[in-house]
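Novice: The following block contains the structure, expressed as structure tokens.
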Amino acid sequence: SRIRRFQSFAEISTEPGPHFGLGLEAYATWTSPIRKYGDMINHRLLKAVIKGETATRPQDEITVQMAERRRLNRMAERDVGDWLYARFLKDKAGTDTRFAAEIVDISRGGMRVRLVDNGAIAFIPAPFLHAVRDELVCSQENGTVQIKGETVYKVTDVIDVTIAEVRMETRSIIARPVA
Numbered sequence: 001s002r003i004r005r006f007q008s009f010a011e012i013s014t015e016p017g018p019h020f021g022l023g024l025e026a027y028a029t030w031t032s033p034i035r036k037y038g039d040m041i042n043h044r045l046l047k048a049v050i051k052g053e054t055a056t057r058p059q060d061e062i063t064v065q066m067a068e069r070r071r072l073n074r075m076a077e078r079d080v081g082d083w084l085y086a087r088f089l090k091d092k093a094g095t096d097t098r099f100a101a102e103i104v105d106i107s108r109g110g111m112r113v114r115l116v117d118n119g120a121i122a123f124i125p126a127p128f129l130h131a132v133r134d135e136l137v138c139s140q141e142n143g144t145v146q147i148k149g150e151t152v153y154k155v156t157d158v159i160d161v162t163i164a165e166v167r168m169e170t171r172s173i174i175a176r177p178v179a
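Those letters in the sequence shown? Residues 1 to 179, per full-length UniProt numbering, in order.
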């Protein structure tokens, strides 16, 4: 979404740091130590502090490696999800099957929508929005699509779409608004 562009992923660091959303000067996160190595490190540090022992500071190289692994895991998760959505929707391409879709982003090239029923992300190219390019303005800054000066779509609108094409090699879903 548009807000997510301004957010960054959590920074992994050996130095205490603020949490902007919670308004805290120092913040550490943890869940079960069997889930993530960073959680195990935080558990060890907390245990040492609670017991009044000297806590061994993690090496900076560990945090760099953890951040890289987290990035790779996110990419793998996204790729698998995109592949599963593409595979699931492939047989709907070119049919009249309608899907409710929320507009999540608008760019010069068209709109990104999230299918309400299953969460798949699809792209609607600008030529599918209006045939005359000079009459079409897709504004990412305003989150709107205007045709002949009139706003016809905006981010958060829910519209009906059909699946025009599914490209398995790129795991991309191309949709078309229902007229």
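Just so it is clear, CB atoms sit at the ideal spot from N, CA and C, and this is done for glycine as well.
#1: Between the Cα of Gly-38 and those of Lys-90, Arg-57, Asp-96, spot the shortest distance and give me the residue it belongs to.
#2: So, with DSSP's three-state summary, where would you put Arg-133?
#3: Secondary structure at Ala-122, three-state DSSP: helix, strand or coil?
#4: Could you say which of Thr-170, Thr-95, Asp-96 lies nearest to Phe-123 if we only look at CA atoms?
#5: Measuring only the C-alpha atoms, how far is Ile-103 from Val-155?
#6: Taking the Cβ atom as the reference point for each residue, do Gln-140 and Ile-173 lie within a distance shorter than 8 Å?
#7: Quick one: give me the first and last residue of the alpha helix (DSSP H) that Leu-84 is part of.
#8: Excluding five sequence neighbours on each side, which residues of the same chain lie with their C-beta closer than 8 Å to the C-beta of Val-178?
#9: Considering only DSSP beta bridges, list what Val-161 is partnered with.
#10: Going by DSSP in three states, Gly-38 sits in which element: helix, strand or coil?
#11: Just grab the DSSP bridge partners of Ile-106 for me.
#12: For Leu-24, name the three-state secondary structure that DSSP assigns.
#13: With which residues is Gln-146 paired in a DSSP beta bridge?
#14: What is the DSSP secondary structure of Val-116, counted as helix, strand or coil?
#15: Could you compute how far the alpha carbon of Arg-74 sits from the alpha carbon of Glu-68?
#16: Below 8 Å between beta carbons: does that hold for Thr-14 and Asp-60?
#17: Going by beta carbon distance, what residues of the same chain come within less than 8 Å of Ala-101, once the five residues before and after it are set aside?
#18: With a CB to CB cut of under 7 Å and the five nearest residues on each side skipped, what residues in its chain are close to Val-49?
Specialist: The structure says:
#1: Against the sequence shown, residue 38 aligns to sequence position 38. Considering only alpha carbons, the answer is Arg-57.
#2: Counting from 1 along the sequence shown, the entry for residue 133 is found at position 133. Reduced to three states, the DSSP call for Arg-133 is helix.
#3: The residue given as residue 122 occupies position 122 in the sequence shown. Strand.
#4: Mapped onto the sequence shown, residue 123 falls at position 123. The shortest Cα separation from Phe-123 among Thr-170, Thr-95, Asp-96 belongs to Thr-170.
#5: For the purposes of this step, residue 103 is taken as residue 103 along the sequence shown, with counting starting at 1. For the purposes of this step, residue 155 is taken as residue 155 along the sequence shown, with counting starting at 1. Taking the straight line from one Cα to the other gives about 5 Å.
#6: Taking the sequence shown and counting its residues from 1, one reaches residue 140 at position 140. Taking the sequence shown and counting its residues from 1, one reaches residue 173 at position 173. In this structure, Ile-173 does not lie closer than 8 Å to Gln-140 by Cβ.
#7: Against the sequence shown, residue 84 aligns to sequence position 84. That run of the alpha helix (DSSP H) goes 60-89.
#8: Taking the first residue of the sequence shown as 1, we reach residue 178 at position 178. Cβ within range, chain order: Arg-98, Ile-159, Asp-160, Val-161, Thr-162.
#9: Position 161 of the sequence shown holds residue 161. For Val-161, the beta-bridge partners assigned by DSSP are Phe-99, Pro-177.
#10: By one-based count along the sequence shown, residue 38 stands at place 38. If DSSP states are grouped into helix, strand and coil, Gly-38 belongs with the helices.
#11: The sequence position of residue 106 within the sequence shown is 106, counting from 1. Its beta-bridge partners are Met-111.
#12: Stepping through the sequence shown from its first residue, residue 24 is reached at position 24. Looking at Leu-24 - three-state DSSP - the assignment turns out to be strand.
#13: For this step, residue 146 is matched to residue 146 along the sequence shown. For Gln-146, which the question treats as bridged, DSSP gives the partners Val-137, Thr-151.
#14: In the sequence shown, the residue the question calls residue 116 occupies position 116. The answer is coil: DSSP assigns Val-116 none of H, G, I, E or B.
#15: Your numbering for residue 74 matches position 74 in the sequence shown. Your numbering for residue 68 matches position 68 in the sequence shown. Cα to Cα, the separation comes out at about 10 Å.
#16: In the sequence shown, residue 14 corresponds to position 14, counting from 1. In the sequence shown, residue 60 corresponds to position 60, counting from 1. Yes, the pair counts as a contact, with Cβ atoms nearer than the cut-off.
#17: For the purposes of this step, residue 101 is taken as residue 101 along the sequence shown, with counting starting at 1. Same-chain partners within the cutoff: Val-113, Arg-114, Leu-115, Val-116, Ala-122, Val-158, Ile-159, Asp-160, Val-161, Ala-175.
#18: Within the sequence shown, residue 49 is the residue found at index 49, counting from 1. Ala-55, listed in sequence order.
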